[in-house]
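Novice: Next up is a structure, given as structure tokens.
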Amino acid sequence: MKRLGSFVPAAAVILGWQSAAAEEPGDAATAASDGTETQTEAAAADSGALQIGSFVLDPRLTLTEFYDDNIFATRNHKVHDAVTVVSPSLRLDSDWGEHALSVYGSMDVGRHANRSSEDYVDWRVGGEGRVDFSPEANLFGGARFTHDHEPRSSPDEVNGTGPTLFDEIYGFAGGSVRFDPLSVRAAGTYRHIDFDDVDSTGGTINNDDRDRALTDIGARVGYLIEPGWQAFVQGALDLRDYDDAVDDAGVDRDSAGFNAAAGMVIGLENESWVELLAGYLHQDYDGVTLEDVDAFDFGARLTWRPTLRTTVTGIVDRTIAETTATGASSYLATRFGAGVEHLLAPDLSAQLSADYTFNDYVGITRSDRLLDANLGLAYYVTPHIWLGTDYSYQRRESEAAGEDYDENRLFFRIGAQWAPHYSDEDMAAYRSGLDGEADLGGFYAGVQGGVGELNSGLEGPRGAGGSLTADFGALGWTGGAFGGYGERFGNWYLAGELEVELSGADWTHTRLPGGRQFMVDKQETLGGSGLIGYFLPADNLVYGRFGVVGTRFETTYVTSAGTTNVRDEFEPGLRFGGGVEVPAGGGLFVRLDQTYTAYRNYQIEGGNGLDDFSNTENLTRLGIGYRFGMLREGEPDSPDNPLAGFYFGGQLGHDGLVSANSGPRQAGSVLDAERGGYGASAGVYGGYGLRLDDFYLAGELDAEISDASWDIERDPTGRVYSVDKHHSVGASLIAGYVLGDAALLYGRVGLVRTLFHTDYATTGTSTSEDNTQTGLRFGSGVEVPASDTVSLRFDFTYTDYESFDVEYGANVDRFDNAENQFRIGLAYRF
């Protein structure tokens, strides 16, 4: 599956960055995207593998059924569908002592249940090889041909009646030599992309001006400082040549550039390593209207294996990516990604990954923020047959009107492979290692309550041929009960859970007299989720979840003519999130849980036509539960972490921004509306904690950046305005209780100073303001020790800010902002 925002640094093969990230047809000249082109080491002929002479044949077949709640990746008017994908693949690897040769082919045949226009047949064939002159010198090369389709989530997707198809020819060649302490790697890559024209409601869309050839030539020189430490310098030429001299707008998009960097590769234990680099990116565009790119380059890659069954990966990179956006030469994509894969048992594995990408368009006022999160399980019924389930969430927040979207996908897979995934000996060794493990499985139940943020994206017709796109939202209470059944696998935990809840979250929009009035009120919810967790020391459980829910929404709409329309129905939604559970003695446990839910959109008559509502929800809930299963006898071992003293850490979070917005409108009416949006945050915190027996007091400072925002746009005339949160600094007092010497439950209160940026434009006037506001922040959280010196924190806060006014012409709009945050922090205690 292609993922918008997944990039590979330019000339990855040239510079030795082995990457399995998917790429978009529109990225910069990149190399090996699926792992096959850069991995020429042959697979060993393990027991059960299909050996053909001196080659190992690896045939596989996967059948995938998935539900997609937004197949066209739109902000509103979402279309959902069920998709069936059949994926056969075949790979032949040499099993030689030296040299290597591989050939491969694969196919994805996708069929939609309701939208056959979106069906596709993608396929790829290729091969690669390596000639070894000695253990220190080799030549390598390969080629691939791909027939694929452009995903609807691509920022350059042209919105035809069917997907945009393209063919790609890709090749690479190079060599490497090592004469300690020096090593040299040099290579070149070539990639040509040919886009097909596509039909649309207005005729045929010409894509010939997007066809292009991308060439990279570069080298890396490394110096071995000592075993496990290698410094390097690298550089590459980046040439981009379009088939047409100018595009359909008369712009020459050819360009030439380079990248240069220096860095370090550090080898760690257990085949782990980290690579860091810093450098410079430059791209010079031929078109006189296109702005050249000069940017600081930085990157990092991490592979960490804390255990033989666990692999943690991380990536930071920057790429100059091609685009067809009018007026833009390209966009600078900065990506942060992390993932973890763990073998819970020889026949059961779990994976979790998340990517955040910031795309800054060059030459136009547009930036996109993209989030891609995935959670999955795979279970081998036999060593050759497996079942899997995955949940995927994608979201784009854009400064360009109408380019926002979120998309949820729930996958179910069945696969077959010739080579066995595990042996009887593997299973026997695993079972023997479980002797003496505690059993924290079995049935459990509990109650929970908290705060929910209901957000709605609205889109509908206004006036004579106009339209409105707007964000609404508000906070409200939530409460309910949960119950489920779980099993422990070593330190890992799997569970299925049901829940029921009631909510008081609702938002309203009124313009009186003579205007529209509408509101959305969330009612009861029923749902089910799967949980994947990991037991930290002292049996504190950190978990992720994904599942489905049904929620009743009551939507009331009073048109400007006075007609009242009411819609009161259950809507399905996909939910994901996570949290922490801490033992509270006996079978009791305390839980802090955060979830995000995206619901199916719906329409209601608004007077000029149908208004479309796209609801999402963020819930933070504190719960208490009881496990009916067997429990560990005696107290579990706890790290020697006093949860006191000086500490310093970093944190990532989800920010929900809501604003009470009021002001005068046409014909003497007054607007009173609740706006809302959300975004991500990152920051640092530090303080000093004092422990008095089991009671805890601390003072703390924190600072963070955020991209939480909401916006409204009336097209083609009318108001266009938005509020964005930029950064904050704050101070808090914390009081808590240390539960069982293994977990800190706390509350906090403090002050925060936050910079809000407000853009406001209407007919004949516009303004842009920065307002630094003081807010009262309070909340609660849970902190658990991960080691003798490191603590993991789950923190929820609500902040109420001072109101402020924005003047536009002779009128004033008032904004009263509030914010709820859920943050996960990792701190070092001195």
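Taking the working numbering, the leading residue of the sequence shown gets 16, the next gets one more, and so forth.
C-beta: ideal position from N, C-alpha, C; glycine also.
Give me the Cβ distance between Tyr420 and Arg428, rounded to the nearest whole Å; I'm assuming they're in contact under 8 angstroms.
Specialist: Not a contact, Cβ separation roughly 25 angstroms.
Novice: Helix, strand or coil for Glu440, going by three-state DSSP, please let me know.
Specialist: It is helical.
Novice: Sorted by chain position, which residues of the same chain lie with C-beta nearer than 7 angstroms to Leu760's C-beta, five sequence neighbours on each side aside?
Specialist: Counting only Cβ-Cβ distances below 7 angstroms, and skipping sequence neighbours, we find Val605, Gly751, Tyr752, Leu754, Val797.
Novice: Within the continuous beta strand (DSSP E) that includes Gly472, where are the two ends?
Specialist: Where Gly472 is concerned, the enclosing beta strand (DSSP E) stretches over 457 to 477.
Novice: Looking only at its chain, what residues have a beta carbon closer than 6 angstroms to the beta carbon of Val595, apart from the 5 residues adjacent to it on each side?
Specialist: Hits under 6 angstroms: Val557, Leu607, Val797, Phe809.
Novice: Following the continuous beta strand (DSSP E) through Lys93, name the residue where it begins and the one where it ends.
Specialist: Counting along the chain, Lys93 falls outside any beta strand (DSSP E), and DSSP gives it neither H nor E.
Novice: Count the C-beta pairs between the segment 166 to 177 and the segment 186 to 201 that are closer than 8 angstroms, then say yes if the count reaches three, no if not.
Specialist: No contact exists between the segment 166 to 177 and the segment 186 to 201.
Novice: Look at the alpha carbon of Thr334 and the alpha carbon of Phe497, and state the distance between them as a whole number of angstroms.
Specialist: Thr334 and Phe497: Cα-Cα distance of roughly 45 angstroms.
Novice: Would Phe561 and Glu586 be called neighbours here (beta carbons separated by less than 7 angstroms)?
Specialist: No, the pair does not count as a contact, with Cβ atoms beyond the cut-off.
Novice: Cβ of Leu252 within 7 angstroms of Cβ of Gly559?
Specialist: In this structure, Gly559 does not lie closer than 7 angstroms to Leu252 by Cβ.
Novice: Please tell me whether Glu356 and Thr326 are closer than 7 angstroms, where the distance is taken between their beta carbons.
Specialist: Yes, the pair counts as a contact, with Cβ atoms nearer than the cut-off.
Novice: If we require 3 or more residues per run, which beta strand (DSSP E) segments fall completely within the segment 376 to 426?
Specialist: 382 to 395, 400 to 413, all fully within the segment 376 to 426.
Novice: Under a Cβ-count criterion, where at least 16 other Cβ atoms within 10 Å of its own Cβ denotes burial, should Pro242 be classed as buried or exposed?
Specialist: It counts as exposed.
Novice: With DSSP as the reference, label Glu337 as helix, strand or coil.
Specialist: Glu337 falls in the coil class under three-state DSSP.
Novice: Under a three-way DSSP split, which group does Gly144 fall into?
Specialist: Here Gly144 sits in strand by DSSP.
Novice: What are the start and end residues of the beta strand (DSSP E) that includes Ala825?
Specialist: It is not in any beta strand (DSSP E) - Ala825 carries neither H nor E in the DSSP assignment.
Novice: So for Asp212, helix, strand or coil by DSSP?
Specialist: Note: Asp212 maps to coil in three-state DSSP.
Novice: Quick one: residues in its chain with C-beta nearer than 8 angstroms to the C-beta of Thr787, no 5 flanking neighbours on either side, listed in chain order?
Specialist: Arg768, Thr769, Leu770, Phe771, listed in sequence order.
Novice: Between which residues of its own chain and Gly593 is the CB-CB distance below 7 angstroms, once the five residues before and five after are set aside?
Specialist: Answer for Gly593: Tyr558, Gly559, Arg560, Gln609, listed in chain order.
Novice: Enumerate in chain order the residues of its own chain whose CB-to-CB distance from Trp138 is below 6 angstroms, with the five nearest sequence positions on each side excluded.
Specialist: Closer than 6 angstroms at the Cβ level, and outside the excluded window around Trp138, lie Met122, His162.
Novice: Helix, strand or coil: how does DSSP classify Glu306 here?
Specialist: Here Glu306 sits in coil by DSSP.
Novice: Using 7 angstroms as the threshold, is the C-beta distance between Phe426 and Phe81 below it?
Specialist: Contact: yes.
Novice: Can you list, in chain order, the residues of its chain with a C-beta nearer than 6 angstroms to that of Ser62? Leave out the 5 residues immediately preceding and following it.
Specialist: Unreliable placement is indicated for Ser62, whose pLDDT of 46 sits below 50; no coordinate value is reported for it.
Novice: Could you pull the start and end residues of the beta strand (DSSP E) that Ser121 belongs to?
Specialist: From DSSP, the beta strand (DSSP E) with Ser121 extends over 115 to 127.
Novice: Below 7 angstroms between beta carbons: does that hold for Trp433 and Pro74?
Specialist: Yes. Within cutoff.
Novice: Along the beta strand (DSSP E) that carries Phe273, what are the first and last residues, could you check?
Specialist: 270 to 282 is the span of the beta strand (DSSP E), which, as asked, contains Phe273.
Novice: Could you say if the segment 665 to 677 and the segment 823 to 839 meet the contact criterion of at least three C-beta pairs nearer than 8 angstroms?
Specialist: Touching, per the Cβ criterion.
Novice: Could you compute how far the alpha carbon of Asp258 sits from the alpha carbon of Ala228?
Specialist: So the two alpha carbons sit approximately 7 angstroms from each other.
Novice: Once DSSP output is grouped into helix, strand and coil, what is the label at Ala60?
Specialist: Its pLDDT being 38, under 50, Ala60 is placed unreliably in this model, and the value from its coordinates should be taken loosely. In this structure, Ala60 counts as coil in the three-state DSSP scheme.
Novice: Which value, in whole angstroms, describes the spacing of the CA atoms of Gly683 and Asp536?
Specialist: Looking at the two C-alpha atoms, the distance is approximately 28 angstroms.
Novice: Once you ignore the five residues that flank Gly465 on each side, which residues in its own chain have a CB closer than 6 angstroms to its CB?
Specialist: Cβ neighbours of Gly465 beyond the five flanking positions: Thr493, Thr635, Arg636, Leu637.
Novice: Here's the rule I'm using: 16 or more other beta-carbon atoms within 10 Å means buried, otherwise exposed. How should Ala485 be labelled?
Specialist: Classification for Ala485: buried.
Novice: From the DSSP secondary-structure annotation, give me the bridge partner or partners of Trp111.
Specialist: Looking at the DSSP assignment, Trp111 forms no beta bridge with any residue, so it has no partner.
Novice: Can you give me the C-alpha to C-alpha distance between Ile330 and Thr732, rounded to a whole angstrom?
Specialist: Taking the straight line from one Cα to the other gives about 43 angstroms.
Novice: Does DSSP put Ser69 in a helix, in a strand, or in coil?
Specialist: Coil.
Novice: Excluding sequence positions up to five away, which residues of its chain have a Cβ less than 6 angstroms from the Cβ of Ala59?
Specialist: Reliability fails at Ala59, whose pLDDT of 38 lies under 50, so the model's placement of it is uncertain and the value that follows must be treated cautiously. No residues qualify anywhere along the chain.
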